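Take a look at the structure below.
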Amino acid sequence: MVKHGVREIGAKQYQCFSTLSDDSEDFRVNLLRPLLIERVSGTQGNVKARQFIISKLRSLDMWHIELDTFDEMTPVKFKISF
Numbered sequence: 001m002v003k004h005g006v007r008e009i010g011a012k013q014y015q016c017f018s019t020l021s022d023d024s025e026d027f028r029v030n031l032l033r034p035l036l037i038e039r040v041s042g043t044q045g046n047v048k049a050r051q052f053i054i055s056k057l058r059s060l061d062m063w064h065i066e067l068d069t070f071d072e073m074t075p076v077k078f079k080i081s082f
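Structure, rendered in structure tokens:
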């Protein structure tokens, strides 16, 4: 069972959050561009987007990341990883 709770954040995390709202070219290039790709489940784009998100969350050093991956049949009878 996963436990959730509130955790205090420090100045480093506040500073990081404040940079995320910056409407600059850096924001678009470094945060949006890696996600603004085709990322359908089971595709290489999905893998790249997932790895990017995990990397960004780990770099903040304030998240515990658990992946719940599974294979499932789609309505058109293809088995893909989610």
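Residue numbers for the sequence shown follow this note's numbering, so the first one is 1 and each next one is one higher. C-beta: ideal position from N, C-alpha, C; glycine also. Only a predicted model underlies this, so the values are computations on that prediction, with no experimental measurement involved.
Rounding to the nearest angstrom, what Cα-Cα distance links residue i and residue j in this structure?
i: residue 44; j: residue 53; result: 14 Å
i: residue 56; j: residue 65; result: 11 Å
i: residue 46; j: residue 72; result: 15 Å
i: residue 80; j: residue 49; result: 16 Å
i: residue 68; j: residue 33; result: 25 Å
i: residue 86; j: residue 6; result: Since the displayed the chain opens at 1 and closes at 82, residue 86 lies outside it and no answer follows.
i: residue 112; j: residue 82; result: The question about residue 112 has no answer, for the chain in this structure spans 1 to 82.
i: residue 16; j: residue 58; result: 13 Å
i: residue 76; j: residue 18; result: 44 Å
i: residue 78; j: residue 40; result: 13 Å
Among all the DSSP beta bridges, which residues are the ones paired with residue i?
i: residue 79; result: 73
Please list the segments of the alpha helix (DSSP H) lying wholly inside the segment 16–61, counting only runs of 4 or more residues, in order along the chain.
44–59
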